[in-house]
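K.L.:
For reference, the structure I am asking about is given below.
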Amino acid sequence: MVVSATAYSGDSITSTGTTPKFGTIAVDPSVIPYGTRVYIPALGGVYVAEDCGGAIKGNKIDIYMNDEGAVKNWGRKTIDIYIVG
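Residue numbers (numbering that gives the first Met the number 0): 0 to 84.
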């Protein structure tokens, strides 16, 4: 699946009640259900759909990163992702 990917950081609570951490992504749950594991080749890892943001609609994801510098470096990218379960 091709998505528009942004990044976020901070100490909030996710839509599923967890604290965001490395490996958390925000999704539109009508496209990618909560709990889905997603492989992101651009980052070389598997992430879990645990959050949703107001601007995350359709084929958009928001990737949790540990610091604001990493968020700014990421910016907005069009990337491939793969649903793994």
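Cβ atoms here follow ideal geometry from the backbone N, Cα and C, with glycine treated the same way.
1) Does any residue of chain B have a CB that is nearer than 8 Å to the CB of Pro-19?
2) Please return the same chain residues whose Cβ sits closer than 8 Å to the Cβ of Val-45, not counting the five positions on each side in sequence.
3) How many Å lie between Thr-17 and Lys-71 at the Cα?
4) In or out: Ala-41 buried (at least 16 other Cβ within 10 Å) or exposed?
5) Using CA coordinates, which residue listed in Gly-74, Ile-31 and Val-1 is at the minimum distance from Tyr-7?
6) Where DSSP assigns a beta bridge to Tyr-33, which residues make up the other side?
7) Can you give the Cα-Cα distance for Cys-51 and Gly-43, rounded to whole angstroms?
P.N.:
The answer reads as follows:
1) This model lacks chain B altogether, as it is built from one protein chain only.
2) Gly-22, Arg-36, Val-37, Tyr-38, Ile-39 and Val-83
3) 24 Å
4) By the 10 Å Cβ count, Ala-41 comes out exposed.
5) Gly-74
6) According to DSSP, Tyr-33 bridges with nothing at all.
7) Cys-51 and Gly-43: Cα-Cα distance of roughly 22 Å.
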